[in-house]
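Trainee: Structure provided below as structure tokens; questions to follow.
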DNA sequence: AAGGTAACCTGACTGC
DNA sequence: TGCAGTCAGGTTACCT
């Protein structure tokens with residue numbers, strides 16, 4: 121049992137099928153599942169999509185087919201590869217992750233309830249240049265929600281987790297508690313640009329490893345070392361020397377420089 | 001409808 | 001050594 125039960129009958133549905141396109145939406149991973157052609161030489165048909173979420177600590181690995189399942193290994197899928205039989209294994213100690221099925225009969229995966237309300241990809245054209253700023257601006261008018269919560273809600277832009285929200289707001293000189301509906305377009309332009317830069321830098325550094333995160337190469341990331349505010353409560357701001365402050369917004373730890381991050 | 005908050009669950013760490 | 005308490009990279013569900 122992960123966040124939700126794994127769909128009943130999933131194993132039978134996957135048996136004999138093949139893997140199609142691998143895509144991602146926000147923090148959800150999508151594996152297209154294709155059925156065998158009805159007759160030899162026919163076209164493989166999209167049966168549906170496996171939707172994975174890794175929660176806080178989950179991981180998906182490809183491992184030897186005879187490797188015994190360990191603690192917190194929840195799902196094994198036996199896959200024929202060019203290198204022989206391998207196991208695609210879902211491991212998730214904290215069980216905040218999920219494995220769901222979206223059937224092709226229900227349309228594109230974007231229509232799945234968990235994906236339907238997601239905002240734009242931060243590194244896509246839809247968030248590029250002034251467009252991201254305009255999205256944040258327009259979608260926040262009339263709202264009192266703190267700007268950090270707006271970022272993390274994923275309804276306007278996805279992928280901005282707790283670390284990157286604090287870091288982006290620092291770079292844009294915006295106080296995390298600023299009412300999102302009162303932030304100007306000009307400041308959202310700084311923020312959108314900060315989000316793109318911070319995420320690109322984090323990707324370049326292989327992500328942020330606070331404890332156990334590893335990337336697809338099995339190596340930890342180093343962006344946590346570049347964080348200006350996250351995890352630095354009480355230390356001098358690397359820009360102005362003012363001690364970094366920490367507060368809790370929406371149950372999440374938040375770090376900021378009280379000197380030049382303004383509401 | 002928006003906003004707050006409780007919940008899901010385990011492991012690592014701290015302090016007594 | 002052990003036990004209790006606290007805290008984590010995310011997201012949904014359920015109140016008001």
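Residue numbers (my numbering): 121 to 383.
Glycine residues also receive a C-beta, built at the ideal position from the N, C-alpha and C atoms.
Quick caveat, the model's predicted, so the values are computed rather than measured.
Does residue 156 come out as helix, strand or coil in the three-state DSSP assignment?
Mentor: Correct three-state label for residue 156: coil.
Trainee: At a cut of 8 Å, does the segment 264 to 274 reach the segment 283 to 299 through at least three beta carbon pairs?
Mentor: yes
Trainee: Below 8 Å between beta carbons: does that hold for residue 180 and residue 208?
Mentor: yes
Trainee: In its own chain, which residues sit with a C-beta less than 7 Å from the C-beta of residue 290, not counting the 5 before and 5 after it?
Mentor: Within the same chain, residue 290 has close Cβ partners 348, 349, 376, 377 and 381.
Trainee: Please identify the residue among 336, 217 and 374 whose C-alpha is closest to the C-alpha of residue 351.
Mentor: 374
Trainee: In the DSSP assignment, what are the bridge partners of residue 200?
Mentor: 205
Trainee: Going by the beta-carbon positions, is the gap between residue 153 and residue 139 smaller than 8 Å?
Mentor: yes
Trainee: For the segment 160 to 174 against the segment 225 to 237, do three or more pairs of beta-carbon atoms, one drawn from each stretch, fall closer than 8 Å, so that the two count as touching?
Mentor: yes
Trainee: So which of 190, 255, 273 and 128 has the shortest CA-CA distance to residue 235?
Mentor: 273
Trainee: With DSSP as the reference, label residue 300 as helix, strand or coil.
Mentor: helix
Trainee: Measure the Cβ-Cβ separation of residue 250 and residue 309 and say whether it is below 8 Å.
Mentor: A contact, by the Cβ cut-off of 8 Å.
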